[in-house]
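Colleague:
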Amino acid sequence: MEGFLPVEWALAWVLFAAPAVVYGGYRTAMLVRDDPRQKALLAVAAAFMFVLSALKLPSVTGSTTHPTGTGIAVVLFGPAVTAFLSALVLLYQALLLAHGGISTLGANVASMGVVGPLVGWVVFRSLRGRFDLQKATFAAAVLADWTTYFVTSSQLALAFPTSSGVEGVLSALTKFLGIFAVTQLPIGILEGLLAAALIGYVASATDAVRSRLGVAA
Amino acid sequence: MTRGRLVVAAAALAVVVVVVGPFVYPSGFGGADVAAREQTESIAPGYEPWMASLWAPSTVLGETLLFGLQAAVGAGLVWYAVRRFDSSNDAATDRSE
Numbered sequence: 001m002e003g004f005l006p007v008e009w010a011l012a013w014v015l016f017a018a019p020a021v022v023y024g025g026y027r028t029a030m031l032v033r034d035d036p037r038q039k040a041l042l043a044v045a046a047a048f049m050f051v052l053s054a055l056k057l058p059s060v061t062g063s064t065t066h067p068t069g070t071g072i073a074v075v076l077f078g079p080a081v082t083a084f085l086s087a088l089v090l091l092y093q094a095l096l097l098a099h100g101g102i103s104t105l106g107a108n109v110a111s112m113g114v115v116g117p118l119v120g121w122v123v124f125r126s127l128r129g130r131f132d133l134q135k136a137t138f139a140a141a142v143l144a145d146w147t148t149y150f151v152t153s154s155q156l157a158l159a160f161p162t163s164s165g166v167e168g169v170l171s172a173l174t175k176f177l178g179i180f181a182v183t184q185l186p187i188g189i190l191e192g193l194l195a196a197a198l199i200g201y202v203a204s205a206t207d208a209v210r211s212r213l214g215v216a217a
Numbered sequence: 001m002t003r004g005r006l007v008v009a010a011a012a013l014a015v016v017v018v019v020v021g022p023f024v025y026p027s028g029f030g031g032a033d034v035a036a037r038e039q040t041e042s043i044a045p046g047y048e049p050w051m052a053s054l055w056a057p058s059t060v061l062g063e064t065l066l067f068g069l070q071a072a073v074g075a076g077l078v079w080y081a082v083r084r085f086d087s088s089n090d091a092a093t094d095r096s097e
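Protein chains in written order, with this note's numbering: chain P, 1 to 217; chain C, 1 to 97.
1. Between residue 142 of chain P and residue 199 of chain P, which are expected to be in contact by the criterion C-beta below 8 Å, what is the C-beta distance as a whole number of angstroms?
2. Should residue 156 of chain P be counted as a contact of the ligand HEM given a C-beta to heavy atom distance under 6 Å?
3. Could you say which of P:153, P:16, P:102, P:160 lies nearest to residue 44 of chain C if we only look at CA atoms?
4. Enumerate in chain order the residues of its own chain whose CB-to-CB distance from residue 57 of chain C is below 7 Å, with the five nearest sequence positions on each side excluded.
5. Closer than 9 Å, Cβ to Cβ, to anything on chain P: give me those residues from the stretch 49 to 68 of chain C, in chain order.
6. Going residue by residue through the stretch 111 to 160 of chain P, where are the continuous alpha helix (DSSP H) segments of at least 4 residues, counting only ones entirely within it?
7. Which residues, in order along the stretch 90 to 119 of chain P, keep a beta-carbon less than 9 Å from a beta-carbon of chain C?
8. Compare the C-beta of residue 83 of chain C against all C-beta atoms of chain P and say whether one is closer than 7 Å.
9. Out of P:212, P:37, P:52, which one is the CA nearest neighbour of residue 93 of chain P?
10. Contact criterion: CB-CB distance below 7 Å. Does residue 179 of chain P meet it with respect to chain C?
11. Taking all protein chains shown into account, do 16 or more other C-beta atoms lie within 10 angstroms of the C-beta of residue 184 of chain P, making it buried, or fewer, making it exposed?
12. Have a look at residue 126 of chain P and residue 135 of chain P and give me their C-alpha separation to the nearest angstrom.
13. Is any beta-carbon of chain C found at less than 7 Å from that of residue 14 of chain P?
14. Is DSSP giving residue 65 of chain P helix, strand or coil here?
15. DSSP puts residue 57 of chain P in a beta bridge; with which residues?
16. Out of P:67, P:48, P:47, point me to the one whose CA is closest to residue 56 of chain P's CA.
17. Against chain C, does residue 44 of chain P count as a neighbour if the rule is that its beta carbon must be under 7 Å from one of theirs?
18. Which chain P residues sit within Cβ distance under 9 Å of residue 46 of chain C?
19. Going by Cα to Cα distance, which pick from P:182, P:153, P:186, P:181 is closest to residue 172 of chain P?
20. Could you list which residues in chain A have their beta carbon closer than 7 Å to that of residue 3 of chain P, in chain order?
21. Mapping DSSP to helix, strand and coil, what is residue 211 of chain P?
22. Which term fits residue 128 of chain P, buried or exposed, when burial requires 16 or more other beta carbons within 10 angstroms of its beta carbon?
23. Going by beta carbon distance, what residues of the same chain come within less than 6 Å of residue 79 of chain P, once the five residues before and after it are set aside?
24. For residue 34 of chain P, name the three-state secondary structure that DSSP assigns.
25. Along the alpha helix (DSSP H) that carries residue 58 of chain C, what are the first and last residues, could you check?
26. Can you give the beta carbon distance from residue 71 of chain P to residue 191 of chain P, rounded, assuming they're within the 8 Å contact cut?
27. Under the rule that 16 or more other beta-carbon atoms within 10 Å means buried, what is residue 140 of chain P, buried or exposed?
28. Consult DSSP for residue 186 of chain P and reduce its assignment to one of helix, strand or coil.
29. For residue 74 of chain P, decide whether its Cβ has a neighbour in chain C, counting only Cβ atoms nearer than 7 Å.
30. So, helix, strand or coil for residue 13 of chain P, using DSSP?
31. Under 7 Å, do residue 101 of chain P and residue 2 of chain P count as touching if we go by C-beta distance?
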């Protein structure tokens, strides 16, 4: 999609995402400085994103799409660190795989690294007191994934409305959601299941996770 | 098989899916990003992208292998972390005995 997003929108999304990424980088550096044990957990969160965003999965609509893999980072470290890790993964894909693109990096970080994780984090914090860790993680990962592609659809609709005004944007949003939202429904659920399984393992294996998430040993 | 090994096995399976997948469904499934690009072209037929990729893999196989490399890097990181978790757990168990 390199060059498909008009310049003004590409710049607008860079301005939107940059503060979250910079603050996330600062939070990540502080995290590692204050507690070096967190390095392994950061590696797991980043690795989950690397593996899942590399998967090109067929879906019910007859097209393929990618999971986001942000669920583990959201649950363990919150939305700011997730924004930083997402930017690293998306930059790698743009530079080395010609996937996504430099011109769409701001928009992609905004959807996958900022808004999606923020929604996932709110969901996790809301459910954590009432449900166990894995159920809350499942819901957070699913909602972060679905929100990411809702935002992607909205970004395209804002840049390519079918006519002028709000009606044109909403009409385009319907068309782009028809491509992304339906495709992403089962992929998001799969992503939630994988995130819940992995968080269950790391919570059972490490004191660092149990103390971060307030889980009894 | 421990849960840690199961996690590593799942990550390794993901790498296999990335590499083998395109050969199993090479043409029946188009990418959602391609469909979105076609949608933008139908909404704005005269629109020309203002930037081209700095480079792109010349073949589908090359792209697949690069995605496989990404998944392998991720799987390697999971393996590293699981080994660290397992070894620290073993050390904690030894100390308590």
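For each residue, glycine too, the CB sits at the ideal point set by N, CA and C. Quick caveat: nothing in here was measured; it's all calculated off a predicted structure.
Modeller: Reading off the structure:
1. 13 Å between Cβ atoms; not a contact.
2. Inclusion of the ligand HEM in the displayed structure is not the case, the ligand content being empty and no account of it being possible.
3. For residue 44 of chain C, the nearest C-alpha among the options comes from P:160.
4. Only 63, 66 meet the Cβ criterion.
5. Per Cβ criterion, the list reads 49, 50, 51, 52, 53, 54, 55, 56, 57, 63, 64, 66, 67, 68.
6. With a minimum length of 4 residues, the continuous alpha helix (DSSP H) runs that stay inside the stretch 111 to 160 of chain P are 116 to 127, 133 to 159.
7. For the stretch 90 to 119 of chain P, the set of positions with a beta-carbon nearer than 9 Å to some beta-carbon of chain C reads 92, 93, 94, 95, 96, 97, 98, 99, 100, 101, 102, 103 in chain order.
8. No, no contact with chain P.
9. When only C-alpha atoms are compared, the closest one is P:52.
10. It does: the Cβ of residue 179 of chain P has a partner Cβ on chain C nearer than 7 Å.
11. With 16 or more other Cβ atoms from the protein chains shown falling within 10 Å of its own Cβ, residue 184 of chain P counts as buried.
12. Cα to Cα, residue 126 of chain P sits roughly 12 Å from residue 135 of chain P.
13. Closer than 7 Å: no.
14. Reduced to three states, the DSSP call for residue 65 of chain P is strand.
15. Answer is P:65, bridged to residue 57 of chain P.
16. Checked all of P:67, P:48, P:47; the closest Cα to residue 56 of chain P is P:67.
17. True, the Cβ-Cβ gap to chain C drops below 7 Å.
18. Going along chain P, no residue has its Cβ under 9 Å from residue 46 of chain C, so there is no contact; the nearest lies around 12 Å.
19. For the residues P:182, P:153, P:186, P:181, the minimum Cα distance to residue 172 of chain P belongs to P:153.
20. Of the protein chains in the structure, P and C, none is chain A.
21. When secondary structure is reduced to three states using DSSP, residue 211 of chain P falls in the helix class.
22. By the neighbour-count rule (16 or more Cβ atoms within 10 Å), residue 128 of chain P is buried.
23. Within the same chain, Cβ atoms closer than 6 Å to the Cβ of residue 79 of chain P are found at 117, 118, 121, the five residues on either side in sequence being excluded.
24. DSSP places residue 34 of chain P in the helix class (H, G or I) of the three-state scheme.
25. Boundaries for residue 58 of chain C: no alpha helix (DSSP H) harbours it, and the DSSP string shows neither H nor E there.
26. Yes, they are in contact, since the Cβ atoms of residue 71 of chain P and residue 191 of chain P sit about 6 Å apart, within 8 Å.
27. Answer is buried; the Cβ neighbour count reaches 16.
28. Here residue 186 of chain P sits in helix by DSSP.
29. Residue 74 of chain P does not count as touching chain C.
30. In the three-state reduction of the DSSP assignment, residue 13 of chain P falls in the helix class, which pools H, G and I.
31. Closer than 7 Å, so yes.
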